[in-house]
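Visitor:
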Amino acid sequence: MPVDCAFQTTIERISILDEHGVYDEQLGEGLIPDSDVVALYRHMTMCRHFDEIAFKLQRSGRMGTYPQNKGQEAASLGAAYALEDKDWLVTCYRENAGLFWRGVDPEKILLHWMGDERGNHIPVRATPLAIPIGTQMLHATGLAWASKYRGDGGIGCTFFGDGATSEGDFHEAMNFAANLDLPVVFVCQNNSWAISVPTRIQCSAPTIAQRGLAYGMHSVQVDGNDIFAMVKVVREAAERARCDNRPTFIEAVTYRLGDHTTADDASRYRDPEELKLWEARDPMIRLRNWLEQRDLWDENQEQAQRIENEAIVSGIVKRAEEIEPPTTNDIFNWMYAETPKVLETQRKTMRTSSLGQGFDGV
Amino acid sequence: MANLTLVQAINLALTQEMEKDDRVLLLGEDIGANGGVFRVTEGLHDRFGGDRVVDTPLAESGIIGTSIGLAMGGLRPVPEIQFEGFLGPAYDQLCTHAGRMRSRTRGGLTVPMTVRVPVGGGIHAPELHSDSPEAIYSHNPGIKVVMPASPYDAKGLLISAIRDPDPVIFFEPKRIYRAFREEVPEEEYTIPIGKARVAREGTEMTMVSWGASVVQCMNAIEESGRDIELVDLRTINPLDMDTVATSVRKTGRAIIVHEAPSNCGVGAELSARIMEQCFLHLEAPVQRVTGFDTLMPYYKLELEYLPNAERIGKAIVETAAY
Ligand SMILES: Cc1ncc(C[n+]2csc(CCOP(=O)(O)OP(=O)(O)O)c2C)c(N)n1
Ligand SMILES: [Mg+2]
Chain Y
1 MPVDCAFQTT IERISILDEH GVYDEQLGEG LIPDSDVVAL YRHMTMCRHF
51 DEIAFKLQRS GRMGTYPQNK GQEAASLGAA YALEDKDWLV TCYRENAGLF
101 WRGVDPEKIL LHWMGDERGN HIPVRATPLA IPIGTQMLHA TGLAWASKYR
151 GDGGIGCTFF GDGATSEGDF HEAMNFAANL DLPVVFVCQN NSWAISVPTR
201 IQCSAPTIAQ RGLAYGMHSV QVDGNDIFAM VKVVREAAER ARCDNRPTFI
251 EAVTYRLGDH TTADDASRYR DPEELKLWEA RDPMIRLRNW LEQRDLWDEN
301 QEQAQRIENE AIVSGIVKRA EEIEPPTTND IFNWMYAETP KVLETQRKTM
351 RTSSLGQGFD GV
Chain U
1 MANLTLVQAI NLALTQEMEK DDRVLLLGED IGANGGVFRV TEGLHDRFGG
51 DRVVDTPLAE SGIIGTSIGL AMGGLRPVPE IQFEGFLGPA YDQLCTHAGR
101 MRSRTRGGLT VPMTVRVPVG GGIHAPELHS DSPEAIYSHN PGIKVVMPAS
151 PYDAKGLLIS AIRDPDPVIF FEPKRIYRAF REEVPEEEYT IPIGKARVAR
201 EGTEMTMVSW GASVVQCMNA IEESGRDIEL VDLRTINPLD MDTVATSVRK
251 TGRAIIVHEA PSNCGVGAEL SARIMEQCFL HLEAPVQRVT GFDTLMPYYK
301 LELEYLPNAE RIGKAIVETA AY
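As given, the protein sequences belong to chains Y and U, one line each in that order. The first sequence begins at 1 in my numbering and counts up one residue at a time. The second sequence begins at 1 in my numbering and counts up one residue at a time.
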C-alpha cells in the first residue's frame, strides 16, 4: 500500500492594508465606500479616547478593574460593520468598538466596570460581556441555531481571545457548529497574550486558524489590525453562514497594546521591544494614513474629531457616574421571573437570620 | 519569626514545601513569571524553575484533570485556579474524579493534590471574582475543604494540605490577603486539617465562622461588648463538630456567619448538626447571618450583600434576648 495524502490544505492569511500603508487595490476593490471608511475611522478614534478615559477613571478610583481595548479596535469594528442588526454579537471584553458600532450605549460598558449590573441590559442583539473565559462561543452557537430554526436570517458572531481557545467549551462550540451545520462566525482575537501567558502555551501549531480547520470548517488568518481585511473575511464568513449554514473560523492577528487589565503590569513579563513593534502596527495609524493619502482626512478634521470625542466621552462618563445608585432591591428583583417568598423576606428585611426576619420559632 | 500578610505566609509555605519535597510542583494560569495575579507565587518561578512552577494553557478542567494524573503518578501537585468563579470548568474533574478515585480503586490510586483558590468578596472585583462556593465542594464527598482566616493558619494549614494524602481545596480569602499582618514562624509547623480553632473564648453564645468573615465576627463581638465564643472552623470538610458542639453545649446559643448564600450553605449543615447534637442545651434558635440567596451582586452592592458587623450585631442582640 502506498502512503497517500489523505488531506492537504493551506491556511490563507488575508491582508489588504498592511502596516506600511500598502493597500491591495484588487482585494480592496469596492469593499467599503469612502464615506464609510471615514465614519469607521472616526468611530475608532472615539473608542480609543473612551478607552483612555476608562483607564484614567480606574486610576483615579472612579471605576473598578478595566481591560483596555487599545490596539484591537479594528477586529470587532470590522466585523460589526460587515454584519447586520439581526446577527448576534457574542463578545468577550475587548470588543467595545464593535459593540458601540452596533448601538450598545458606551455608558453601559462603563457601568459594567463600575460594578453595576444595569450595564448589562443591552437592547440590541448582543450578549453582555463574558467574564468567564471561553464560555460564550457555545451561546453564539445556540443563538445561531435558534436563528436557523426560526428562519429569521440571523447568524451568530462570537469573539474570544487566544487564551480562550484552550478551554474545552471552545472546542465543543466549534464541533457543534461544524457538525450541526450552524451559521456561526468564530473570531479569535489573537493578541499574543493571555494575561502573562504567551500564545505558544495555548497553541503550538503555527496558526490558531488550524483549530477551526480540524473541526471541518473554513478557516482563515487575517491581519486583525487591518479593518479592510476584517470586513472582507467577516463578510464572506457571514455569507457562508447565511447561505450555506456553515461556520467559519477567523484568526484575527492583533496585539494588546495595554496591560491585560488595570490590575495587571505587563512590564513584569513582556519585552518592551515587542510592544514597540506593535505600536507601529496600530490599526488607527495606517487607516489615518490611508485616508490622508486619498484626501479624505486632514489634520484639521483630526483636531475637530478630537474635540468632538472629548465631548462625546465626557457625556458618556457623566451619564454613567450620575446614574442613581442601585438599591438593595436590585439584588433580589431579577433573580427569577417571579420572586419566591424566601427572597421576598430577605429583600424586605435585608436579613438572613430567622429572628431578624420575624420568625421567632414560637 | 516575621510579620507577614496572608499572601506572604502562603508563599513561604509553598517555598518551604518545594525545598523539602521535590514531588511538589505548582501549575496554573499566570503563576510563573507573573507570580500569579495576586502575586502569591511571586519569585517561585525564578527559584524553582519552569519545570516546577508551570504556566499552563488557559483551561481549568485541564489544570485539575492533569493534576489528578500528576498526583496519581506519584507527585504532589499544587494547582492554582485563578478565582473561585472559574472553578466551574474544573468541577467535573474535581467531583467526578478527584473525590472518587481513592474509594473507587479501593485505595489503589489516590489524589494527593492541593487546589489553591482565592475566594470571597469585598475587594470590588468584577463578576465571578467574589463568590464563596465552599459548600458545593464540601457537599461532594472525597474532597477536603480548608479556608484559613489568618496568615499564621494559612501557612500551617497549607503545609498540612500539601502533605495530605487526599485532595484538598485550599480556599484563600482574598479580602484578607493583605488586610493585616501576623507573626508567622520561619520554621515549619503544621495545623491539622479537620480541627477548628477557638479564636476567642466566651460563655454567652457561640459564633461559628471561617475565612474573611472571622474578621467581621471579631469586630461585631467587640462592638457588642458581650462574652461571646468565636469558633473559626479552619476546615469546612470534614467538619470539626466536637469543637463546635462543645462550645454550643457550654453557651446554649449559636450564630453562624458566612459569605455564601444561606440556602444549602455550610451554615445549614452546621445548624442541623447543632440541633442534633446539642438539642437540650439550646436556649435560642440557631441563627445564620449569611449572604442572600441571590447572585453575589456586582461590587456597587457587594457590601450590602456580605454579612458585616452591623448585621451580625443585630443577630447577637436578638439571640441574646431570646
Ligand atoms: C474561565 C476563566 N479562567 C480564568 C479567567 C481569568 N482570566 C481573565 S482574562 C484571562 C486571559 C484571557 O486571555 P485571552 O483569551 O487571550 O483574551 P485577552 O485577555 O488576551 O483578550 C484570564 C486567564 C477567567 N476570566 N475565566
Ligand atoms: Mg489574548
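For glycine and all other residues, C-beta sits at the position ideal for the given N, C-alpha and C. These numbers were taken from a predicted model, which means no experiment stands behind them.
1) To which residues does DSSP link Y:HIS218 through a beta bridge?
2) Can you look up Y:CYS157 in the DSSP assignment and give me helix, strand or coil?
3) For chain U, find out if any of its Cβ atoms is closer than 8 Å to the Cβ of Y:ILE285; answer yes or no.
4) Taking its Cβ as the centre, do 16 or more other Cβ atoms sit within 10 Å of U:MET328, making it buried, or is it exposed?
5) Rounded to a whole number of angstroms, what is the C-alpha to C-alpha distance between U:VAL78 and U:PRO165?
6) Answer yes or no: the CB of Y:GLY71 versus the heavy atoms of ligand 2, is any distance below 7 Å?
7) Between which two residues does the alpha helix (DSSP H) holding U:GLY28 run?
8) Is Y:ALA252 near ligand 1 - that is, is its Cβ less than 7 Å away from at least one heavy atom of it?
9) Do U:ILE274 and U:VAL323 count as a contact pair if the criterion is CB distance below 8 Å?
10) Who pairs with Y:TRP193 in a beta bridge, going by DSSP?
11) Going along chain Y in order, which residues have a C-beta closer than 8 Å to the C-beta of U:SER209?
12) Excluding the 5 residues flanking U:ALA135 on each side, which residues of the same chain have their C-beta closer than 7 Å to its C-beta?
13) Within this structure, are the beta carbons of Y:TRP133 and Y:ASP162 separated by less than 8 Å?
14) In chain order, what residues of the same chain have a beta carbon less than 7 Å from the beta carbon of U:ASP293, not counting five sequence neighbours either side?
15) Please confirm whether Y:VAL197 has its beta-carbon closer than 8 Å to some beta-carbon of chain U.
16) Taking Cβ-Cβ distances below 7 Å as the criterion, which residues of the region 17 to 34 of chain U are in contact with chain Y?
17) Quick check on Y:GLU167 - is its C-beta less than 8 Å from some C-beta in chain U?
18) Quick one: is U:THR66 near chain Y, going by C-beta distance under 8 Å?
19) By the DSSP assignment, the beta strand (DSSP E) with Y:ASP105 in it spans what residues?
20) Rounded to whole angstroms, what's the CA-CA distance from Y:GLU324 to Y:GLU12? Just pull it up for me.
21) Classify Y:CYS203: buried if its beta carbon has 16 or more other beta carbons within 10 angstroms, exposed otherwise.
22) Which partner residues does Y:TRP88 have in the DSSP bridge list?
23) Indicate whether at least one CB of chain Y lies closer than 8 Å to the CB of U:TYR177.
24) Can the beta-carbon of U:ASN194 be found less than 8 Å from the beta-carbon of U:GLU229?
25) Between the beta-carbon of Y:GLY98 and the beta-carbon of Y:LEU111, is there less than 8 Å?
26) Opposite Y:CYS188 in the DSSP bridges: which residues?
27) Can you confirm whether U:SER132, when its beta carbon is compared against all beta carbons of chain Y, has any partner nearer than 8 Å?
28) Mapping the DSSP letters down to three states, classify Y:ILE53 as helix, strand or coil.
29) Which residues in chain U sit within 9 Å of Y:ALA116, going by Cβ to Cβ distance?
30) Are the beta-carbon atoms belonging to U:ASP30 and Y:VAL197 less than 8 Å from one another?
31) Please decide whether Y:GLN202 counts as near chain U, where near means a Cβ-Cβ distance under 8 Å.
32) Could you please give the first and the last residue of the uninterrupted beta strand (DSSP E) stretch that includes U:ILE236?
33) Can you tell me which residues fall inside 6 Å of ligand 2, judged by beta-carbon distance to its nearest heavy atom, and keep chain order?
34) If the criterion is Cβ atoms closer than 8 Å, does the pair Y:ASP116 and Y:LEU138 meet it?
35) So the beta strand (DSSP E) U:ALA254 belongs to, where does it begin and stop?
36) List the whole-angstrom C-beta distance separating Y:TYR41 from Y:LEU287, where the pair is believed to meet the contact cut-off of C-beta under 8 Å.
Guide: Straight from the coordinates:
1) Y:THR248
2) strand
3) no
4) Past the edges of chain U, shown from 1 to 322, lies residue 328 of chain U, and the structure says nothing about it.
5) 13 Å
6) no
7) Per DSSP, U:GLY28 belongs to no alpha helix (DSSP H); it is in the beta strand (DSSP E), 24 to 28.
8) no
9) The requested residue 323 of chain U does not occur in the structure, where chain U is confined to residues 1 to 322.
10) Y:PRO198
11) Near U:SER209 there are no residues of chain Y at all, since even the closest Cβ is about 13 Å away, more than 8 Å.
12) ALA260, CYS264, GLY265 and VAL266
13) Inspection of the sequence shows that residue 133 of chain Y is occupied by Ile rather than by Trp. Not in contact: Y:ILE133 and Y:ASP162 (Cβ atoms no closer than 8 Å).
14) PRO261, SER262 and ASN263
15) yes
16) GLU29, ASP30, ALA33 and ASN34
17) yes
18) no
19) Element bounds for Y:ASP105: n/a, residue is neither H nor E.
20) 51 Å
21) buried
22) Y:GLY156
23) no
24) The sequence as given places Gly at residue 194 of chain U; Asn does not occur at that position. Taking 8 Å as the Cβ cut-off, U:GLY194 and U:GLU229 do not qualify as a contacting pair.
25) no
26) Y:PHE160 and Y:GLU251
27) no
28) helix
29) Correcting the residue type first, residue 116 of chain Y is Asp in the shown sequence and not Ala. Neighbours of Y:ASP116 on chain U, chain order: TYR298, TYR299, LYS300 and LEU301.
30) yes
31) yes
32) 235 to 237
33) Y:GLY161, Y:ASP162, Y:GLY163, Y:ASN191, Y:TRP193 and Y:ALA194
34) no
35) 254 to 261
36) 5 Å
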